[in-house]
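Just so you know, the sequences run in chain order C and R. What the first sequence shows, in our numbering, is residues 1 to 407, in sequence order. What the second sequence shows, in our numbering, is residues 408 to 474, in sequence order. Below is one structure, written out as structure tokens, with a few remarks after it.
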Amino acid sequence: VSSPGGPGRAPGVVVVGASAAGSATAVALRRGGYADPITLVGDESVDPYDRPPLSKGVLKGEVDLQALKLSTVADLEGQDIEVRVGRRATGLDLHAREVHLDEDGGRLPYSSLVIATGASARKHDLLTPYSNVHVLRTAADAVALRAALRPGVRLGVVGGGLIGLEVAATARALGVSVTVVEPALLSLADRLSGSVANWLLDLHVANGVDLRLGMQVGDVVSDGDAVTALVLDSGDVVDVDVVLVAIGAGASTAWLEGSGLRIDDGVVSDEFQQAGDGVYAVGDVARSYHPVLRRHLRLENRTNATEGPLHLARTLLGERRPYAPVPFFWTDQYVRKVQVFGVVPRGVEPEFVDGNLAAEKWVGVFRTDGRLCAVAASNAVPKAVMPWRRELNQQYQECLRAVRSGN
Amino acid sequence: MKIEIDEGKCIGAGNCVMVAEEVYDQRDDDAVAFLLDVDLDSADVQTSARAGAAACPAAAIRVNEGM
Numbered sequence: 001v002s003s004p005g006g007p008g009r010a011p012g013v014v015v016v017g018a019s020a021a022g023s024a025t026a027v028a029l030r031r032g033g034y035a036d037p038i039t040l041v042g043d044e045s046v047d048p049y050d051r052p053p054l055s056k057g058v059l060k061g062e063v064d065l066q067a068l069k070l071s072t073v074a075d076l077e078g079q080d081i082e083v084r085v086g087r088r089a090t091g092l093d094l095h096a097r098e099v100h101l102d103e104d105g106g107r108l109p110y111s112s113l114v115i116a117t118g119a120s121a122r123k124h125d126l127l128t129p130y131s132n133v134h135v136l137r138t139a140a141d142a143v144a145l146r147a148a149l150r151p152g153v154r155l156g157v158v159g160g161g162l163i164g165l166e167v168a169a170t171a172r173a174l175g176v177s178v179t180v181v182e183p184a185l186l187s188l189a190d191r192l193s194g195s196v197a198n199w200l201l202d203l204h205v206a207n208g209v210d211l212r213l214g215m216q217v218g219d220v221v222s223d224g225d226a227v228t229a230l231v232l233d234s235g236d237v238v239d240v241d242v243v244l245v246a247i248g249a250g251a252s253t254a255w256l257e258g259s260g261l262r263i264d265d266g267v268v269s270d271e272f273q274q275a276g277d278g279v280y281a282v283g284d285v286a287r288s289y290h291p292v293l294r295r296h297l298r299l300e301n302r303t304n305a306t307e308g309p310l311h312l313a314r315t316l317l318g319e320r321r322p323y324a325p326v327p328f329f330w331t332d333q334y335v336r337k338v339q340v341f342g343v344v345p346r347g348v349e350p351e352f353v354d355g356n357l358a359a360e361k362w363v364g365v366f367r368t369d370g371r372l373c374a375v376a377a378s379n380a381v382p383k384a385v386m387p388w389r390r391e392l393n394q395q396y397q398e399c400l401r402a403v404r405s406g407n
Numbered sequence: 408m409k410i411e412i413d414e415g416k417c418i419g420a421g422n423c424v425m426v427a428e429e430v431y432d433q434r435d436d437d438a439v440a441f442l443l444d445v446d447l448d449s450a451d452v453q454t455s456a457r458a459g460a461a462a463c464p465a466a467a468i469r470v471n472e473g474m
């Protein structure tokens with residue numbers, strides 16, 4: 001048995017990225033009995049925090065940022081995790097098994113490397129330079145946007161995806177005028193199906209949101225460093241005081257360029273979350289192969305930053321089971337809480353098993369070839385959803401067994 | 408062991424119930440999770456309680472091991 005820090009002790013696990021997925025991986029490893037050093041490297045100088053409330057309660061002013069803390073550096077250090085915050089990984093040497101760090105050109109050796117650098121808000125070429133243009137990804141972004149959303153202000157939301165529409169709903173509750181510009185004619189149809197997407201967009205119209213679907217921002221009118229109007233490719237002009245760009249998030253992989261790892265909007269990894277020799281990826285940055293869905297995909301939902309770390313920790317402790325989560329996301333839209341379990345198949349419409357889209361509560365299930373693929377629900381009674389979730393989980397397990405036995 | 412569920416943080420996903428229905432349940436009206444009347448001194452219950460807390464997507468379940 002080697003003494004801590006003594007000669008011959010393995011360098012242990014290095015986790016790059018100290019947000020939800022990275023810190024959860026470190027904690028799960030230690031709780032699972034991992035005995036060698038664990039080093040957590042993070043470029044943000046704040047404690048790991050939870051992001052979903054940023055577009056919900058935080059923006060409404062109902063949730064304090066302090067309540068979002070997932071853990072503190074002191075908590076992590078108390079679990080024998082070495083935390084290096086304010087340090088940025090700048091490169092990776094797969095052969096030498098070392099992570100390169102900023103400032104002093106330091107090198108951090110690893111036995112296993114966990115990449116958990118997450119994602120960052122995509123920028124809009126035309127809009128980024130202006131002072132009243134926001135994105136929403138970090139706690140600081142939420143604080144800045146919240147300060148700008150005063151009653152009577154005109155907000156232009158560029159991008160009608162989940163975050164854009166969630167902010168639109170929150171902004172309406174704050175007395176803000178909202179216009180959403182979205183290139184797709186039926187925003188979110190790929191995530192929710194056509195009928196549910198229509199239902200959601202109708203909800204926004206009923207709440208006074210000006211939806212400009214099938215349109216893009218082609219130009220801007222500015223007054224010095226502020227945007228005063230968005231000029232759409234249709235020629236329409238939308239006057240704005242504040243703009244939110246919500247066009248998705250791109251994986252943060254710049255530091256891995258040239259490392260030899262396969263990067264494709266994410267760290268391409270296999271069904272064991274492995275990207276290379278001794279290298280794993282977890283959370284928003286990972287584009288892992290999903291053995292049930294039979295494709296590589298980047299799951300950007302919150303549960304993936306919870307389940308992924310637990311699974312990866314077990315793998316690093318010696319288990320070998322594929323990571324095949326049932327994807328899950330939820331969104332708060334006005335008084336509706338919409339939840340989707342599984343992946344809604346393209347072109348498939350739901351069969352309503354409880355209520356319907358005109359009712360206050362509903363549960364819809366999606367099937368292809370008689371197989372359950374997804375369950376969607378709005379404000380549903382838990383007991384109306386649970387049997388379908390169990391069936392869906394069972395479906396994934398059966399599919400996994402079939403894949404593993406070569407059928 | 409002591410379990411605290413932050414009702415303000417709970418989003419009603421029901422993941423705790425999915426992995427540990429013997430420990431957690433959800434209210435019918437708003438789907439908020441609650442702890443069932445269980446013996447938290449039992450090792451099996453503790454294992455389930457931890458698994459349920461770890462599955463929460465909203466970090467709403469706090470497990471205090473030291474009691």
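Note that CB positions come from ideal geometry on N, CA and C, so glycine has one too.
List the residues that DSSP assigns as beta-bridge partners of residue i.
i	result
D332 (chain C)	C:K337
H100 (chain C)	C:G91 and C:R107
Q433 (chain R)	R:A440
N132 (chain C)	Per DSSP, none; premise fails for N132 (chain C).
F352 (chain C)	C:G364
K69 (chain C)	C:Y49
I410 (chain R)	R:V470
S120 (chain C)	C:G250
L113 (chain C)	C:V14 and C:V279
Y289 (chain C)	C:H296
G342 (chain C)	C:A374
G42 (chain C)	C:V85
Q274 (chain C)	C:Y280
A226 (chain C)	C:D223
S19 (chain C)	Its beta-bridge partners do not exist; DSSP assigns none.
So, using beta-carbon positions, are residue i and residue j closer together than 8 Å?
i	j	result
G283 (chain C)	G118 (chain C)	yes
A313 (chain C)	L29 (chain C)	yes
L244 (chain C)	V238 (chain C)	no
W330 (chain C)	V343 (chain C)	no
F441 (chain R)	I410 (chain R)	no
L192 (chain C)	L200 (chain C)	yes
M408 (chain R)	V470 (chain R)	yes
A116 (chain C)	V16 (chain C)	yes
A281 (chain C)	V292 (chain C)	no
L213 (chain C)	E182 (chain C)	yes
V99 (chain C)	L108 (chain C)	yes
G459 (chain R)	V430 (chain R)	yes
V133 (chain C)	L155 (chain C)	no
C417 (chain R)	A467 (chain R)	yes
Of all Cβ atoms in chain R, is any one closer than 8 Å to the Cβ of residue i?
i	result
V99 (chain C)	no
L70 (chain C)	yes
S3 (chain C)	The predicted model places S3 (chain C) with a pLDDT of 41, which falls under 50 and marks its position as unreliable, so this point remains unresolved.
T315 (chain C)	no
D369 (chain C)	no
D36 (chain C)	no
T306 (chain C)	yes
D270 (chain C)	no
D50 (chain C)	yes
Taking only beta-carbon atoms, is residue i less than 8 Å away from chain C?
i	result
A453 (chain R)	Inspection of the sequence shows that residue 453 (chain R) is occupied by Gln rather than by Ala. For Q453 (chain R), the answer is no, since every Cβ of chain C falls outside 8 Å of its Cβ.
G459 (chain R)	no
A438 (chain R)	yes
K409 (chain R)	no
What residues from chain C crowd round residue i, counting only those whose CB sits closer than 8 Å?
i	result
D435 (chain R)	V381, P382 and K383
M425 (chain R)	M386, R389, R390 and N393
A420 (chain R)	T303, F328, W330 and Q339
What residues from chain R crowd round residue i, counting only those whose CB sits closer than 8 Å?
i	result
R302 (chain C)	P464 and A465
D75 (chain C)	Ordered by position in chain R, no residue passes the 8 Å Cβ test against D75 (chain C), which lies about 12 Å from the chain.
D284 (chain C)	In chain order: nothing, as chain R lies at least about 14 Å away.
Interface residues of chain R around residue i at Cβ under 9 Å?
i	result
D354 (chain C)	The premise fails here: D354 (chain C) is roughly 13 Å from chain R at the closest Cβ pair, so nothing lies under 9 Å.
Just the chain R side, please: which residues come within less than 7 Å of residue i by C-beta, in chain order?
i	result
L293 (chain C)	Within 7 Å Cβ-Cβ: nothing; L293 (chain C) doesn't reach chain R, min ~19 Å.
L310 (chain C)	A461
Handout entry: Positions along the region 324 to 350 of chain C whose CB lies within less than 8 Å of some CB in chain R
Key = Closer than 8 Å at the C-beta level to chain R, one finds these residues of the region 324 to 350 of chain C: F328, W330, K337 and Q339.
Problem - Near-chain R residues of the region 128 to 140 of chain C - C-beta to any C-beta below 7 Å - result: none
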